[in-house]
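Residue numbers are given in UniProt numbering: position 191 of the sequence shown equals residue 191, and the series is strictly consecutive.
Data first, discussion second: the structure below is written as structure tokens.
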Amino acid sequence: MSLLRRFSPQVQVFTKRSFKSLKFPGESLDEITSPSLIHGIHVFHCPDEVGVVAKLSECIASRGGNILNADVFVPEKSNVFYSRSEFVFDPVKWTRMQMDEDFLKLSKIFNAMTSVVRVPSLDPKYKIAVLASKQDHCLVDLLHGWQDGRLPVHITAVISNHDRGPNTHVMRFLERHRIPYHFLHTTKENKREGEILNLVQDTDFLVLARYMQVLSGNFLSSYRKDIINIHHGLLPSFKGGNPSKQAFDYGVKLIGATSHFVTEELDTGPIIEQMVERVSHRDNLRSFVQKSEDLEKQCLAKAIKSYCELRVLPYQLNKTVVF
Numbered sequence: 001m002s003l004l005r006r007f008s009p010q011v012q013v014f015t016k017r018s019f020k021s022l023k024f025p026g027e028s029l030d031e032i033t034s035p036s037l038i039h040g041i042h043v044f045h046c047p048d049e050v051g052v053v054a055k056l057s058e059c060i061a062s063r064g065g066n067i068l069n070a071d072v073f074v075p076e077k078s079n080v081f082y083s084r085s086e087f088v089f090d091p092v093k094w095t096r097m098q099m100d101e102d103f104l105k106l107s108k109i110f111n112a113m114t115s116v117v118r119v120p121s122l123d124p125k126y127k128i129a130v131l132a133s134k135q136d137h138c139l140v141d142l143l144h145g146w147q148d149g150r151l152p153v154h155i156t157a158v159i160s161n162h163d164r165g166p167n168t169h170v171m172r173f174l175e176r177h178r179i180p181y182h183f184l185h186t187t188k189e190n191k192r193e194g195e196i197l198n199l200v201q202d203t204d205f206l207v208l209a210r211y212m213q214v215l216s217g218n219f220l221s222s223y224r225k226d227i228i229n230i231h232h233g234l235l236p237s238f239k240g241g242n243p244s245k246q247a248f249d250y251g252v253k254l255i256g257a258t259s260h261f262v263t264e265e266l267d268t269g270p271i272i273e274q275m276v277e278r279v280s281h282r283d284n285l286r287s288f289v290q291k292s293e294d295l296e297k298q299c300l301a302k303a304i305k306s307y308c309e310l311r312v313l314p315y316q317l318n319k320t321v322v323f
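In structure tokens:
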């Protein structure tokens, strides 16, 4: 899987349908759809031309599907079109295989760069591996999010350059849920990238949950799928060791976290999600660090969820459209 990246303004588009089919804020899909209907998502990225929206709507409607909402983005002075549609359909009338064939025909008609359809209740969950170092906060949050069903993924392995003891919270959790843990001691001369690649071959994308190693260009070109990273929002002003203490000592008033795709250039990949929070003179170093870590957990989880829900598409060289 490689949807890859991007962000910008959105326009809400409603297709012609009955008033009861409209989805209002706070209303669940179960409340507005028949039990026999299931939920699908489709994202489309193609050169812009007249009739794209009409053909997308016709494709779904011709099979008895009903569009719940559709987001469209057409940037100014750029001949490109982006859309994300959510719809319900009867799987007896519109089989999963037929759905793929129908959207494939559309992608050929419009020379689409991206056309991805997903039916969460039928399709396998995305398989991911999580890479982490010594800090546990993002890793633990992802594990609990996966356990609670908040993250629609299947964690195949946790890989770390930190050797966690057998009776730690993380190790007990992984053993209880039979998630493999791979400790790979790294050095400047050997980052064990070949072994990591062997462990992640069967994944759909990777997550760096505060993994404090820089992945090489060779690794990225060999893996060839998306990698989502998280870091604090104190960069680039406070680099090096213990940036939180540097920022605290400097008296910053706004902290944040950024989740982005990994590229060869460190911490400059296309941004998926950002979050910020104010701090003040009332914060001590402990509360300052806690707020920073909480932002990192929330930001990373939101980025993964958005990615799995097909909300993230590539835009220009280093941006994302996030619906």
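We put the beta carbon where it would ideally sit given N, CA and C, even for glycine.
Note that the coordinates shown come from a computational prediction; the quantities given were computed from them, not determined experimentally.
- Contact check for residue 228 against residue 248 fails: the beta carbons are separated by 8 angstroms or more.
- Nearest neighbour of residue 200 by Cα position, chosen from 246, 176, 126, turns out to be 126.
- Residue environment for residue 54: exposed (fewer than 16 other C-beta atoms within 10 angstroms of its C-beta).
- The criterion of a C-beta distance shorter than 8 angstroms is not satisfied by residue 158 and residue 184.
- Using a C-beta cut-off of 8 angstroms, the region 276–295 makes contact with the region 242–257, since at least three inter-stretch Cβ pairs fall below that distance.
- Around the beta carbon of residue 275, 16 or more other beta carbons lie within 10 angstroms, which makes this residue buried.
- DSSP places residue 66 in no alpha helix (DSSP H) but in the uninterrupted beta strand (DSSP E) bounded by 66–73.
- Residue 66 counts as buried, since at least 16 other C-beta atoms from the protein chains shown sit within 10 angstroms of its C-beta.
- Burial is judged here by how many other beta carbons sit within 10 angstroms of a residue's own beta carbon; residue 203 has at least 16 and is buried.
- Approximately 6 angstroms separates the beta-carbon atoms of residue 244 and residue 292; this is inside 8 angstroms, confirming the contact.
- The C-alpha of residue 144 is placed about 32 angstroms away from the C-alpha of residue 114.
- Closest in alpha carbon position to residue 261, among 238, 315, 36, 234, is 315.
- For the alpha helix (DSSP H) assignment, the uninterrupted runs of no fewer than 4 residues enclosed by the region 240–265 are, from N- to C-terminal side, 243–250.
- When 37, 71, 78, 147 are compared, the shortest CA-CA separation from residue 49 is found for 78.
- Residue 89 and residue 63 do touch by the CB rule: their CB atoms are close to 6 angstroms apart, below 8 angstroms.
- Approximately 12 angstroms separates the beta-carbon atoms of residue 179 and residue 153; this is outside 8 angstroms, ruling out the contact.
- Beta bridge pairing from DSSP links residue 268 with no other residue.
- The closest CA to that of residue 238, considering only 225, 256, 151, is found on 256.
- When C-alpha distances from residue 207 are compared across 47, 284, 132, the shortest belongs to 132.
- For a cut-off of 8 angstroms, the C-beta gap from residue 52 to residue 59 is around 11 angstroms, too long to register as a contact.
- Rounded to the nearest whole angstrom, the C-alpha separation of residue 296 and residue 268 is 17 angstroms.
- If you look at residue 288, you'll find it in the alpha helix (DSSP H) that goes 285–308.
- Nearest to residue 298 by C-alpha distance, out of 111, 123, 109, 277, is 277.
- The beta carbon of residue 273 lies closer than 7 angstroms to those of 259, 299, 302, 303, 306 in the same chain, with the five residues before and after it left out.
- Taken in chain order, the whole beta strand (DSSP E) runs of length 3 or more contained in the UniProt domain "ACT" (41–124) are 66–73, 80–89, 114–118.
- Contact between residue 61 and residue 85 is absent: CB atoms are separated by about 11 angstroms, not below the 8 angstroms threshold.
- Between residue 221 and the set 213, 39, 194, the nearest pair of CA atoms involves 194.
- Rounded to the nearest whole angstrom, the CA to CA distance from residue 123 to residue 40 is 10 angstroms.
- Of the other Cβ atoms in all chains shown, fewer than 16 fall within 10 Å of the Cβ of residue 169; this residue is therefore exposed.
- In the three-state DSSP reduction, residue 197 falls in the helix class (H, G or I).
- Sixteen is the threshold: since fewer than 16 other Cβ atoms of the shown chains lie within 10 Å of the Cβ of residue 121, the residue is exposed.
- For residue 130, the closest alpha carbon among the candidates 188, 146, 189 is that of 146.
- Apart from the 5 residues on each side of it in sequence, residue 164 sits with its Cβ closer than 8 angstroms to the Cβ of 170, 171, 181, 183 in its chain, given in chain order.
- With respect to the C-alpha of residue 234, the residue from 225, 87, 246 having the closest C-alpha is 246.
- Here residue 270 is buried: its Cβ has 16 or more other Cβ atoms, across all protein chains shown, within 10 Å.
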